[in-house]
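First to last, the protein sequences are chains A and B.
When you line the first sequence up against the numbering used here, it's residues 73 to 183, in that order.
When you line the second sequence up against the numbering used here, it's residues 52 to 168, in that order.
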Amino acid sequence: NAGVTQTPKFRILKIGQSMTLQCTQDMNHNYMYWYRQDPGMGLKLIYYSVGAGITDKGEVPNGYNVSRSTTEDFPLRLELAAPSQTSVYFCASQRYQETQYFGPGTRLLVL
Amino acid sequence: AQTVTQSQPEMSVQEAETVTLSCTYDTSESDYYLFWYKQPPSRQMILVIRQEAYKQQNATENRFSVNFQKAAKSFSLKISDSQLGDAAMYFCAYRSATGGATNKLIFGTGTLLAVQP
Numbered sequence: 073n074a075g076v077t078q079t080p081k082f083r084i085l086k087i088g089q090s091m092t093l094q095c096t097q098d099m100n101h102n103y104m105y106w107y108r109q110d111p112g113m114g115l116k117l118i119y120y121s122v123g124a125g126i127t128d129k130g131e132v133p134n135g136y137n138v139s140r141s142t143t144e145d146f147p148l149r150l151e152l153a154a155p156s157q158t159s160v161y162f163c164a165s166q167r168y169q170e171t172q173y174f175g176p177g178t179r180l181l182v183l
Numbered sequence: 052a053q054t055v056t057q058s059q060p061e062m063s064v065q066e067a068e069t070v071t072l073s074c075t076y077d078t079s080e081s082d083y084y085l086f087w088y089k090q091p092p093s094r095q096m097i098l099v100i101r102q103e104a105y106k107q108q109n110a111t112e113n114r115f116s117v118n119f120q121k122a123a124k125s126f127s128l129k130i131s132d133s134q135l136g137d138a139a140m141y142f143c144a145y146r147s148a149t150g151g152a153t154n155k156l157i158f159g160t161g162t163l164l165a166v167q168p
């Protein structure tokens, strides 16, 4: 049981480039989340999804987009990368009121 | 809006001793969940313990226990017999129990725990 997987583990982007962070869960969870963690801080919610085809903004959505075409996958798209998007990104999934499980994170550096 | 506050940016404990990490939160809801997550240097977020607000009994998981004071909105984590592997960043988190879009976790800023041999 792989749980929540994220790719890539680490990426360096130049300012203005775009990329997609991949997230997949194999637990048939309906809820999925994207968080970012800045140095020395807690996690902040970027986007979330309550099921396939349904997404909504969290606290810090600017500069990001998401889609949820299947239950398993919840990719996060960065358009026109900026230095302020340098962070560690975590994907998480959950079934209803149960425990939220996290992926291993993607470290992104924008130069 | 709900908030979570961890007032101790860093803590240190001797191996085999006991340490308590503090967390306070603010909410107008009566039904919710509280969590402690551990984040070691690998950055993986690991669930340590979970508390349902409707339960008066404090949750325990082996060497980890909480002191949940609902009226005071306090949720501290006690680590007994500290081990070197307990060294990590610890995050307190809140989640509403009303379901739907409010299943998101709200995190504190974390407490970095060092364990001295």
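The C-beta atom is built at its ideal place from N, Cα and C for all residues, glycine as well.
Check                                                                                                            : Outcome
Endpoints, the beta strand (DSSP E) within which residue 96 of chain B is located                                : From DSSP, residue 96 of chain B is part of no beta strand (DSSP E); its letter is neither H nor E.
Contacts of residue 98 of chain B in chain A (Cβ-Cβ under 7 Å)                                                   : 171
Beta-carbon proximity list for residue 142 of chain A, same chain, < 8 Å, skipping 5 on both sides               : 124
CA-to-CA distance, residue 71 of chain B to residue 97 of chain A, given in whole angstroms                      : 34 Å
Where the beta strand (DSSP E) through residue 87 of chain A begins and ends                                     : Element bounds for residue 87 of chain A: n/a, residue is neither H nor E.
Members of the stretch 153-165 of chain B that neighbour chain A once the beta carbon cut-off is set at 7 Å      : 154, 155, 156, 158, 159, 160 and 161
Cβ shell of residue 89 of chain A (< 6 Å), same chain only, five flanking positions each side left out           : 153
Inter-residue Cα distance where the pair is residue 103 of chain A and residue 133 of chain B                    : 34 Å
Residue 96 of chain B versus residue 174 of chain A: straight-line alpha-carbon distance, rounded                : 6 Å
C-beta atoms of residue 80 of chain B and residue 144 of chain B nearer than 9 Å                                 : no
Residue-chain proximity (residue 105 of chain B, chain A), Cβ-Cβ < 9 Å                                           : no
Unbroken stretches of the beta strand (DSSP E), 3 residues or longer, contained in the stretch 94-138 of chain B : 97-103, 115-120 and 125-130
Per-residue burial, residue 112 of chain A [other beta carbons within 10 Å of its own, 16 or more giving buried] : exposed
Residue 103 of chain A at chain B interface by Cβ criterion, 9 Å                                                 : yes
Among B/155, B/136, B/142 and B/140, the one whose alpha carbon lies nearest that of residue 167 of chain B      : B/136
Through-space distance from residue 110 of chain A to residue 82 of chain A, alpha-carbon basis                  : 15 Å
Interface partners of residue 93 of chain A on chain B, CB under 7 Å                                             : Simply none; closest approach about 15 Å.
Inter-residue spacing [alpha-carbon to alpha-carbon] between residue 167 of chain A and residue 56 of chain B    : 26 Å
Chain A contacts from the stretch 65-95 of chain B (Cβ-Cβ distance under 9 Å)                                    : 84, 86, 88, 90, 93, 94 and 95
Proximal chain A residues relative to residue 148 of chain B, where beta-carbon distance stays under 9 Å         : 169
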